[in-house]
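Notes for the one structure printed next.
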Ligand code: 13P
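In the working numbering, the protein residues as written are 187 to 442.
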């Protein structure tokens, strides 16, 4: 019912030449394959044009890791949604835990960004997830609910197709530690229930919820095969074409 999405978040890796090379490697490995789902890469801003020259949406889609919450003007160092759109971006990641933590971004900013993304006709990938202490205290669901309720009810144009959720337990990001299938399914099902409450059953049925956090070729099939997991948001393993394609193959196998 839901097409999987495997999205690579390159974070602050890959300048234009390395990025072009990685994208070309992906294109080569994926050439001629009929995929059941969608594949996306999200390079750093400066690398987007170089990757766009190689990845033309067949099958690799182009995304960004962030955008400004403002439309345009005197905002030094920021990049607007319209600029990203002009560069060929179709998806924008919002609210990654690294931006929540290091840039102190807030729900108000996430809402403004996602509304701009949607207004421009692009798709948003909204990240959420608890930190280790919160999980240990048995508060994972409470935290996830708060993060979803702080943003989703305030979105003006959101639907099941322009909005993707990404559950990324912070303790699993870049640590090599992955949520167990039981932990992942539990929070994904819970998140979908919260989406039902806010946006209704039909939207929740079609909305994709990705898992992120030390996803790799060896665990992708099992994780993405879970009933409420509709793909992955991949960090480290997205930086090597063979690993990323291994995850895509896991996603394919999970839906076969
Ligand atoms: P890793 O796959 O490196 O754990 O990173 C996950 C992530 O943060 C993707 O956005």
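Each residue gets a CB set at the ideal place from its N, CA and C atoms; glycine is no exception.
If I follow the unbroken beta strand (DSSP E) through residue 277, where does it start and stop? 277-280
Based on DSSP bridge pairs, tell me the residues matched to residue 353. 314, 397
Mapping DSSP to helix, strand and coil, what is residue 225? strand
Taking the beta carbon of residue 284 as the centre, do at least 16 other beta carbons fall within 10 Å, making it buried, or is it exposed? buried
CB-CB under 6 Å to residue 432, same chain, minus the five flanking residues each way: which ones, in chain order? 403
Any chance the CB of residue 419 is under 6 Å from a heavy atom of the ligand 13P? yes
Whole-angstrom distance between residue 442 and residue 251, CA atom to CA atom: 30 Å
Go through the segment 227-275 residue by residue and report every complete run of the alpha helix (DSSP H) that reaches 4 residues or more, in order. 234-240, 267-272
Kindly examine the ligand 13P and report whether one of its heavy atoms sits closer than 6 Å to the Cβ of residue 405. no
Residue 419 in three-state terms, based on DSSP: strand
Could you tell me which uninterrupted beta strand (DSSP E) segments, each at least 3 residues in length, are contained entirely in the segment 290-349, listed from first to last along the chain? 309-314
DSSP bridge partner residues for residue 195 (one or two, in chain order): 228
Going by the CB atoms, is the gap between residue 365 and residue 358 shorter than 7 Å? yes
I'd like the span of the alpha helix (DSSP H) that includes residue 218, first residue to last. Where residue 218 is concerned, there is no enclosing alpha helix (DSSP H), given that its DSSP letter is neither H nor E.
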